[in-house]
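Here the structure comes first, spelled out in structure tokens, and everything after it is commentary.
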Amino acid sequence: MSSPAATRPELLQTLRESVAGGFPVAVAELSKLVRIPSVSWAAFDPQPVSESADAVAALVTGLGVFETVQVARAPIGTGADAPLGQPAVLATRAARNGRPTILLYAHHDVQPPGKDEDWDSLPFEPTVRGDRLYGRGAADDKAGVMAHIAAIRSFVETVGSDFDLGLALFIEGEEEFGSRSFTNFLSAHRAELAADVIVVADSDNWDVDTPALTVGLRGNVTFRLTVSTLEHASHSGMFGGAVPDGMLAAIRLLATLHAEDGSVAVEGLSSREAATPDYPEEQLRHEAALLEGVAPIGSGTILSRLWSKPAITVTGIDAPSVGNASNTLSPSVSVKISARIAPGQQGTEAFAALESHLRSNAPFGAHIEIDDVDTGNGFLVDTSGWAVTEAKTSMTDAWGVEAVETGIGGSIPFIADLVEMFPAAQILVTGVEDPDSRAHSPNESLHLGVFQRAILTEAVLLARLNERQ
13 MSSPAATRPE LLQTLRESVA GGFPVAVAEL SKLVRIPSVS WAAFDPQPVS ESADAVAALV
73 TGLGVFETVQ VARAPIGTGA DAPLGQPAVL ATRAARNGRP TILLYAHHDV QPPGKDEDWD
133 SLPFEPTVRG DRLYGRGAAD DKAGVMAHIA AIRSFVETVG SDFDLGLALF IEGEEEFGSR
193 SFTNFLSAHR AELAADVIVV ADSDNWDVDT PALTVGLRGN VTFRLTVSTL EHASHSGMFG
253 GAVPDGMLAA IRLLATLHAE DGSVAVEGLS SREAATPDYP EEQLRHEAAL LEGVAPIGSG
313 TILSRLWSKP AITVTGIDAP SVGNASNTLS PSVSVKISAR IAPGQQGTEA FAALESHLRS
373 NAPFGAHIEI DDVDTGNGFL VDTSGWAVTE AKTSMTDAWG VEAVETGIGG SIPFIADLVE
433 MFPAAQILVT GVEDPDSRAH SPNESLHLGV FQRAILTEAV LLARLNERQ
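So the sequence shown is residues 13 to 481, counted in the numbering used here.
And the structure:
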């Protein structure tokens, strides 16, 4: 397919002026959203998530272009007594005169903030320092929410409210907690969500000056592993040296997951061969904040390790704390394991490989229990579609440089559900983050220049699709 015509200069200039003029309002509205502690995890108060959904719905309604705007929930699982998931915002406007429909996705829930003392400013008090806005959710993914809203606002200001492009907006409320009602939500609202193009604004860019279109995503497998060796705790002085405690068994077992160079050593977890851009070790050390003298792990190019190979991380542990330690042998230890799997491998297949490895390598005959399992498949974008070309052209128009096609080490498992539900739709994975955003971590932040260019990119894309027959 030939490349699309260049965006009309006068249209691009008008959109650029509109985005710039509305940018202070977009930042102010984003700041208001960041102040709402919408953590979707089960251990947190669900009321702020509802408040966040209502706030987003009010912003969407205020655009004045959607035919329907609703806050809706779907059940988690099946059965009459299935609990409801967190609230999502769904807005729709039908296409006219043969124009395509575009579905814009983001999520308004956030990760837990962690300890306030680990932040340079309070996590739910948005703070501008230099060219960055700090706060939990400032980047992931309330900036994605506001990129959609601000882009639509500038698009409408430029072309008028009587446009032909079909629009659907889906702002999820539980992405950070596993999107557990996502499939049921898609099924319940299939007609409203059907689209020719789906934009998932939940990824990052190559750097603050270069946009990226994510074309490969790793999948994920998470679960809790409990390793037990004793019926109850025993005196470490009386029995230590003859009796294996749960901690020793867990450490020995976890060590089998990796080879000496730190690469994954689990039979059945696959890798994918793909060319990667140049990414020197110095850049990795800076962006990942490696301490002096600490070596990277794995083999192959650095980006192949991040994009196309499996990774296994112990993200949490339940064991006696140092401050509360006594001279006893722990009967059992539980850990949370998070595995990232190469694009192309099914999450269920990867879990089976991990489970087999753990059970066959349990030391000293330790008892193994695995529960709280969650899996998600990776994703590879078909880059031959016209929507990819339109998106990359829009990025070049907005940023002034060509976009880089990237993979991503993280996972967006629900994309596989979108592919299954809407197989004809072209999916674009974009984002407002950059390598210094520190999503999920203390001092999460959004680069304001990236934010403005992300808004302009999407406004240009909407305008281009509105003219596409």
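Virtual Cβ for every residue (Gly too), placed ideally from N, Cα, C.
| Asked | Found |
| --- | --- |
| Straight-line gap, Thr26 to Ala475 (C-alpha atoms, nearest Å) | 11 Å |
| Anticipated Cβ contact below 8 Å, Asp121 with Ser52, distance rounded | 4 Å |
| Contacts around Ser15, its chain only, beta-carbon distance under 7 Å, and the 5 residues preceding and following it disregarded | Note that Ser15 has pLDDT 45, beneath the 50 cutoff, so the model's placement of it is unreliable and the number below is only indicative. Only Thr401 meet the Cβ criterion. |
| Distance CB(Ala271)-CB(Ala262) smaller than 7 Å | no |
| Ranges of the beta strand (DSSP E) found wholly within the region 69-111, counting only runs of at least 3 | 80-84, 100-105 |
| Under the three-state DSSP convention, the category Ala475 falls into | helix |
| Closest Cα partner of Glu479 within the set Leu177, Phe197, Thr80, Arg202 | Leu177 |
| Assigned secondary structure, Met196 (DSSP; H/G/I helix, E/B strand, else coil) | According to the sequence as given, residue 196 is Asn; it is not Met. Here Asn196 sits in helix by DSSP. |
| Three-state class that DSSP yields for His369 in the structure shown | helix |
| Identity of the residue in Gly231, Val61, Pro332 nearest Asp429 by Cα | Gly231 |
| Supposed contact pair Thr469 and Pro223 - C-beta distance, whole angstroms, cut 8 Å | 7 Å |
| Limits of the unbroken alpha helix (DSSP H) element including Phe167 | 154-171 |
| Counted within 10 angstroms of its Cβ, other Cβ atoms place Pro292 as buried (16 or more) or exposed | exposed |
| Per-residue burial, Arg317 [other beta carbons within 10 Å of its own, 16 or more giving buried] | buried |
| Beta-ladder partner(s) of Ser350, from DSSP | Thr234, Thr325 |
| With 16 other Cβ atoms within 10 Å as the buried cut-off, status of Leu181 | buried |
| Close Cβ partners of Asn336 (< 6 Å) along its chain, the five nearest in sequence each way excluded | none |
| His298 in three-state terms, based on DSSP | helix |
| Own chain partners of Asp11 with C-beta closer than 6 Å, once the 5 adjacent residues on each side are dropped | Nothing about residue 11 can be reported from this structure: the residues present for the chain run from 13 to 481 only. |
| Rounded straight-line distance, which links the Cα of Val61 to that of Ser193 | 15 Å |
| N-terminal and C-terminal residue of the beta strand (DSSP E) that Glu204 is part of | Element bounds for Glu204: not the beta strand (DSSP E) but the alpha helix (DSSP H), 202-205. |
| Nearest neighbour of Leu366, chosen from Leu145, Asp221, Ile324, Ser344 [CA to CA] | Ile324 |
| Residue interval of the alpha helix (DSSP H) (run including Ala267) | 258-267 |
| Alpha-carbon to alpha-carbon, Gly149 and Asp130 | 16 Å |
| Paired residues, beta bridge with Arg47 - DSSP | DSSP output for Arg47 lists no bridge partner at all. |
| Cα-Cα separation between Ile314 and Ala471, rounded to whole angstroms | 34 Å |
| From Leu102, Ala86, Val101, residue whose alpha carbon lies closest to that of Pro95 | Ala86 |
| Sufficient close CB pairs (3 or more, under 8 Å) joining the region 352-366 to the region 202-215 | no |
| Nearest-angstrom Cβ-Cβ length linking Gly33 and His119, presumed shorter than 8 Å | The Cβ separation is near 27 Å, so there is no contact. |
| 8 Å contact criterion, which Val345 and Val233 should meet: CB distance rounded | The Cβ separation is near 20 Å, so there is no contact. |
| Spatially closest choice to Glu294 from Glu304, Ala286, Ala287, by CA coordinates | Glu304 |
| Buried or exposed by the 16-neighbour rule on C-beta atoms within 10 Å, applied to Met13 | Confidence is the limiting factor: at Met13 the pLDDT is only 35, short of 50, which leaves the residue's position unreliable, though a coordinate-based value still follows. Flag for Met13 reads exposed. |
| 8 Å contact criterion, which Asp219 and Pro447 should meet: CB distance rounded | 6 Å |
| Straight-line gap, Pro49 to Asn455 (C-alpha atoms, nearest Å) | 15 Å |
| 7 Å Cβ cutoff met for His247 and Leu102 | no |
| Counted within 10 angstroms of its Cβ, other Cβ atoms place Ile420 as buried (16 or more) or exposed | buried |
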